[in-house]
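One structure below.
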Amino acid sequence: MASMAVTVAGLELANPVMSASGTYGHGLEMRHFAPLSSLGAWVSKTVTKKPRPGNPLPRICETEAGFLNSIGLENRGIDAYVRDVLPDMARAEVTVITNIGGESVEDFAELAERLDSEAAVAALEVNLSCPNVQGGKLPFSTSPAMAESVMRRVRAATKKPIFAKLSPNVSDIGEIARAVEAGGADGITAINTLLGMRVDWRTRRPALNTIQGGYSGIAIKPVALRSAWTCVRAVKIPVIGCGGIGSPEDAFEFLVVGCRAVQFGTASFTDPSRIAHLADEMSTLLDRAGLAAVTDLIGTLHASAAVAKVPGAPS
Ligand SMILES: Cc1cc2nc3c(=O)[nH]c(=O)nc-3n(C[C@H](O)[C@H](O)[C@H](O)COP(=O)(O)O)c2cc1C
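Here the numbering used here is used: the sequence shown runs in plain steps of one and ends on residue 309.
What follows is the structure, given as structure tokens:
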């Protein structure tokens, strides 16, 4: 069987498959569908300083391809996470990456400091799509300066590897990638959801209580792939691809453009146990293609040939 092991920012993972934050709860829920040990790493839902009830219903709705959510980072806060979730996750034989969110740079720094002493946590993923409440409520991910300052403070607060999770809702994601690298990020996760909305034209009502929400699933894969590729070219730190991945072939596209790992999110709502088989399915496909290791695929895009084949691409 082809070797599936990868190293991402110093983390030695059995395979490159991770859960995408928020799509498997805090991990304990997922055990009923997929053994956590089948993953390269498990990424938690965003954990915040204080408990959050999330947004009022309706906060999830299907679209023709994928869905919209405005969960609003519902979670029970860092105290409950450390007390009730981490002890079980420590026994789950999986690399745990805890995703953190805050309303200020200080929130992120406090959470990172608190988790630094937790042996069960291998790394942190920093959700930069959270609004900066003290800075006009714009998400941290929309400004290079804000994104860099969060990562700089998180860097100072922890020795664990830190991944910056970027938003596609910006004009130049490469610029944000360079900023988080300058702030001390060990890696980047690209991407979070795209902004979207849906309305019922008969009632004239929006489908989501918050009117707009985050769009995810199969339809966003080309946007996610292009964003991840842009990040790969902008920085030297590793990039984890996320967005619309639902099959081994989808995952391979992200590896070919240079990602070192991939996250599986909305696709799990169709089949929650699928993620457990992805690494084996990838390995079988690699065998058939005559490749000895999944790392043989990483960063192997023939960019000039690809551009030449895209109709209408600038020559
Ligand atoms: C229901 C739902 C909840 C999510 N919650 C979070 C979250 O708490 N933190 C976060 O960083 N991303 C969150 N995301 C974004 C996903 O982790 C992922 O970046 C995005 O959905 C794109 O990947 P996908 O198309 O494979 O789902 C959430 C997505 C969904 C669908």
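Cβ coordinates follow ideal geometry from the N, Cα and C atoms, glycine included.
- Secondary structure note for E175: its alpha helix (DSSP H) is the uninterrupted segment I167 to A176.
- When the beta-carbon positions are compared, N63 and G208 come within less than 8 Å of each other.
- Taking 7 Å as the cut-off, one finds no heavy atom of ligand 1 near enough to the beta carbon of G168.
- Each residue's CA atom was taken as its position, placing N93 and T204 some 23 Å apart.
- Comparing alpha carbon positions, the residue from V251, L202 and Y18 closest to T264 is Y18.
- Judged by DSSP in its simplified three-state form, E243 adopts helix.
- In terms of side-chain proximity, the C-beta atom of F258 is found nearer than 7 Å to a non-hydrogen atom of ligand 1.
- Runs of alpha helix (DSSP H) with 4 or more residues, each lying fully within the stretch 258 to 305, are found at 269 to 282 and 297 to 303, listed in chain order.
- Within the stretch 205 to 237, complete alpha helix (DSSP H) segments of at least 4 residues are found at 215 to 228, given in chain order.
- Residue range L5 to L7 is occupied by the beta strand (DSSP E) that includes L7.
- If you ignore the 5 residues before and after F134, its C-beta comes within less than 7 Å of the C-beta of L122, C124, N126, M140, A141 and V144, all in its own chain and listed in chain order.
- Beyond the five residues adjoining it in sequence on each side, G60 comes within less than 8 Å, by CB distance, of Y209, S210, G211, I212, A213, I214, G238 and T260 in the same chain, given in chain order.
- The closest heavy atom of ligand 1 lies less than 7 Å from the beta carbon of T17.
- In this structure, the straight-line span from the alpha carbon of G129 to that of A151 is close to 22 Å.
- Inter-segment contact for the stretch 158 to 172 and the stretch 185 to 203 is present: three or more beta-carbon pairs are separated by less than 8 Å.
- Straight-line measurement puts the Cα of S165 at about 24 Å from the Cα of A255.
- The beta-bridge partner set that DSSP reports for D180 is empty.
- Sequence-distant partners of V11 (beyond 5 residues in either direction) whose C-beta falls short of 6 Å from its own C-beta, in its chain, are L33, G34, L272 and A273.
- If the five residues before and after D110 are omitted, its C-beta is found closer than 7 Å to the C-beta atoms of A151, T152, K153 and K154, all from its own chain and listed in chain order.
- Under the 10 Å beta carbon count, T224 is surrounded by 16 or more other beta carbons and is classified as buried.
- Under the 10 Å beta carbon count, M24 is surrounded by 16 or more other beta carbons and is classified as buried.
- When the Cα atoms are used, M(-5) and A8 turn out to be separated by approximately 13 Å.
- When the beta-carbon positions are compared, P232 and M276 stay at least 8 Å from each other.
- Residue pairing for K159: DSSP places it in a beta bridge opposite N121 and T183.
- For S13, the uninterrupted beta strand (DSSP E) run begins and ends at V11 to S13, by DSSP.
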